[in-house]
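Novice:
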Amino acid sequence: MRCEVLIVDPEALDVSSIARAAAVLRAGRLVAFPTETVYGLGANALDPAAGARVFAAKGRPPGNPLIVHAPDVASARVLVADWPNAAQQLAERFWPGPLTLVLPRQPIVPDVVTAGGSTVAVRVPAHPVALALLRACGLPLAAPSANRSTRLSPTRAEHVLDGLADRIDLLLDAGPTSGGIESTVLDLTVQPPRLLRPGPVTVADLEAVVGRVTRLAPTDNDEPARSPGLHAKHYAPRTPLELVVGDGCLRVEELTRQGRRTAWVASEIRSATHATAVLVLMPDDPVAYAAQLYAILHQLDGQGLDRIVVELPPETEAWMAVHDRLRRAETVPPPAS
Ligand code: TXA
Ligand code: MG
1078 MRCEVLIVDP EALDVSSIAR AAAVLRAGRL VAFPTETVYG LGANALDPAA
1128 GARVFAAKGR PPGNPLIVHA PDVASARVLV ADWPNAAQQL AERFWPGPLT
1178 LVLPRQPIVP DVVTAGGSTV AVRVPAHPVA LALLRACGLP LAAPSANRST
1228 RLSPTRAEHV LDGLADRIDL LLDAGPTSGG IESTVLDLTV QPPRLLRPGP
1278 VTVADLEAVV GRVTRLAPTD NDEPARSPGL HAKHYAPRTP LELVVGDGCL
1328 RVEELTRQGR RTAWVASEIR SATHATAVLV LMPDDPVAYA AQLYAILHQL
1378 DGQGLDRIVV ELPPETEAWM AVHDRLRRAE TVPPPAS
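The numbering used here puts the last residue of the sequence shown at 1414; the count rises by one with no breaks.
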């Protein structure tokens, strides 16, 4: 099976395409759709068989729960057993938007979606196509990123097709997504709330609403099962990728001398090089950098290179989500010095 692709203009929604996708979802099948962060692989969140199809299509380990998407706060609240003040305040401030809240689940959410756990992750996405689809099908949609497990998340329809073309039923192609990296995941079942995955909504944004938030560094493996997406190497390109601190020029020249075709990804080119590397100049603003990151990595991955060298951005909190994704994408340990 090769999936059906329907092109939709997010500014002039074609009702018949949305209705067709909604019908596919109501039949328990899989539809990839755009959100403001990345493309999601959607399934009826209340249907265990549909949930199981998501895991099969992605090759996702059964222990990694799915995010459930709802069209509004009222529809999200139906899925959770508790709606604390913090949830209400965060929802008012950031929904629709790239913030996922982990809360105690209601029994109507099947085990396959929560990976058997007592909590469910919910969010209201801020993409007109996602919202139209959620409203049209009248169902909450379980939707992980629409990539094969451990691969980069898709920010364009082509990325979805690369990994899943013969494994899903339908794809709504609305062009590139704007956010570029996955939503912030915040656990509200603990006090203070705990950040499980940094994302577009920063710790400073969250703390301005709910006070102190515990940061869980991706290297902290105190409780990995809490958010399996925290496991390292979750979002990696196929091409070996290494991170360098500071000017990557010497490393790029060394690799090039070894005969390796290398890409050099940096926000600033500090020194000239004669190396025949593929040079990618990234924005020096974290939001703009995040918006491009996966698209650049997908593109470089398609060029048959031997190595991708990425200069690490500054260690400040504004760059936390980008750092997190770069650390997960790293597949080559830094050379011993
Ligand atoms: O931006 C996004 O969040 C995208 C779009 C499609 O909405 N979705 C996404 O889903 O990134 P996924 O499955 O690739 O990542 C979901 C993350 C994983 O790290 C998972 O472990 C965590 O959320 N998660 C889901 N349910 C959870 C729960 N009940 N408790 C703790 N972590 C949970
Ligand atoms: Mg994912």
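All C-beta atoms in this analysis are idealised placements derived from N, C-alpha and C, irrespective of residue type, glycine included.
Note that this is a predicted model, so its numbers are computed, not measured.
In whole angstroms, what is the alpha-carbon distance linking Thr1227 and Leu1374?
Specialist: 14 Å
Novice: With a cut-off of 8 Å, do at least 3 Cβ pairs link the stretch 1370-1387 to the stretch 1311-1322?
Specialist: Contact between the stretch 1370-1387 and the stretch 1311-1322 is present: 3 or more CB-CB pairs across the two stretches fall below 8 Å.
Novice: With C-beta atoms as the reference, is Ala1242 less than 8 Å away from Thr1112?
Specialist: Contact flag unset, no.
Novice: How many angstroms separate the CA atom of Ala1100 from the CA atom of Ile1245?
Specialist: 14 Å
Novice: Rounding to the nearest angstrom, what Cα-Cα distance links Ile1095 and Arg1274 in this structure?
Specialist: Computed Cα separation, rounded: 30 Å.
Novice: Could you check what DSSP says for Thr1339 in three-state terms: helix, strand or coil?
Specialist: When secondary structure is reduced to three states using DSSP, Thr1339 falls in the strand class.
Novice: Curious, which full-length alpha helix (DSSP H) runs of at least 4 residues does the stretch 1086-1122 contain?
Specialist: 1092-1103
Novice: From Val1190 to Leu1107, what does the alpha carbon distance come to, in whole angstroms?
Specialist: 14 Å
Novice: Go ahead and pull the three-state DSSP assignment for Glu1284.
Specialist: helix
Novice: Quick check on the burial criterion: 16 or more other C-beta atoms within 10 angstroms. Buried or exposed for Leu1318?
Specialist: In the assembly as shown, Leu1318 is a buried residue. Its beta-carbon has 16 or more other beta-carbons within 10 Å.
Novice: Spell out the partners DSSP gives Pro1275 in its beta bridges.
Specialist: The partner list for Pro1275 (beta bridge, DSSP) is empty, contrary to what the question assumes.
Novice: For the alpha helix (DSSP H) holding Asp1188, just list the boundary residues, first then last.
Specialist: For Asp1188, the enclosing alpha helix (DSSP H) begins and ends at 1188-1191.
Novice: Check for me: the beta strand (DSSP E) holding Val1387 runs from which residue to which?
Specialist: 1384-1388
Novice: Using a Cβ-Cβ cut-off of 7 Å (strictly less than) and excluding sequence neighbours within five positions of Pro1142, which residues of its own chain qualify?
Specialist: These residues qualify, in order along the chain: Val1190, Thr1191, Ala1192, Gly1194, Ala1198.
Novice: Pick helix, strand or coil for Pro1317, following the three-state DSSP scheme.
Specialist: coil
Novice: Once the 5 residues before and after Ser1230 are set aside, which same chain residues still bring their CB inside 7 Å of it?
Specialist: Val1115, Ser1222, Asn1224, Glu1259, Tyr1312, Tyr1371
Novice: Under three-state DSSP, which class holds Pro1305?
Specialist: Note on Pro1305: pLDDT 44, under 50, position unreliable in the model; the coordinate value appears next. Reduced to three states, the DSSP call for Pro1305 is helix.
Novice: Between Met1359, Ala1219, Glu1331, Leu1263, which lies nearest to Thr1350 when the distance is taken from Cα to Cα?
Specialist: Checked all of Met1359, Ala1219, Glu1331, Leu1263; the closest Cα to Thr1350 is Glu1331.
Novice: Between which residues of its own chain and Glu1388 is the CB-CB distance below 6 Å, once the five residues before and five after are set aside?
Specialist: For Glu1388, the CB contacts under 6 Å within the same chain, skipping 5 residues up- and downstream, are Val1321, Gly1325, Ala1343 in chain order.
Novice: Can you check the stretch 1156-1206 for any alpha helix (DSSP H) of at least 4 residues that lies completely inside it and give the ranges in chain order?
Specialist: Listed in chain order, they are 1162-1171, 1188-1191.
Novice: Excluding the 5 residues flanking Ile1185 on each side, which residues of the same chain have their C-beta closer than 8 Å to its C-beta?
Specialist: In its chain, beyond the 5 residues on either side, Leu1123, Val1155, Leu1156 have a beta carbon closer than 8 Å to the beta carbon of Ile1185.
Novice: May I ask you to check if the CB of Asn1141 is nearer than 7 Å to at least one heavy atom of the ligand TXA?
Specialist: yes
Novice: Is the CB-CB distance between Val1150 and Ala1163 below 8 Å?
Specialist: no
Novice: Would you call the CB atoms of Pro1148 and Val1092 closer than 8 Å?
Specialist: With respect to the 8 Å criterion, Pro1148 and Val1092 are not classified as neighbours on the basis of their beta carbons.
Novice: Over the uninterrupted beta strand (DSSP E) stretch that includes Thr1408, give me the two end residues.
Specialist: No beta strand (DSSP E) contains Thr1408, which DSSP labels as neither H nor E.
Novice: Roughly how many whole angstroms lie between the Cα atoms of Thr1177 and Leu1327?
Specialist: Between the alpha carbons of Thr1177 and Leu1327 lies a gap of roughly 40 Å.
Novice: Determine, using beta carbons only, whether Thr1227 comes closer than 8 Å to chain D.
Specialist: Absent here is chain D; the protein component of the structure consists of one chain.
Novice: Per the DSSP calculation, Ile1084 is bridged to which residue(s)?
Specialist: Answer is Asp1250, bridged to Ile1084.
Novice: Using the Cβ count rule (16 or more neighbours within 10 Å means buried), how would you classify Arg1137?
Specialist: Counting the other CB atoms within 10 Å of its CB gives Arg1137 a total of 16 or more, which places it among the buried residues.
Novice: May I ask which residues mark the beginning and end of the beta strand (DSSP E) holding Asp1065?
Specialist: Examination of residue 1065 is not possible in this model, given that the chain is present from 1078 through 1414 alone.
Novice: Do Gly1257 and Gln1380 have their C-beta atoms within less than 8 Å of each other?
Specialist: At least 8 Å separates the beta-carbon of Gly1257 from that of Gln1380.
Novice: Would you say Pro1205 and Pro1087 are within 8 Å of each other, going by their C-beta atoms?
Specialist: yes
Novice: By how many angstroms is the C-alpha of Arg1404 removed from the C-alpha of Arg1384?
Specialist: 16 Å
Novice: Rounded to whole angstroms, what is the Cα-Cα separation between Gly1119 and Arg1337?
Specialist: 39 Å
Novice: Identify the continuous beta strand (DSSP E) that holds Ile1144 and give its terminal residues.
Specialist: 1144-1146
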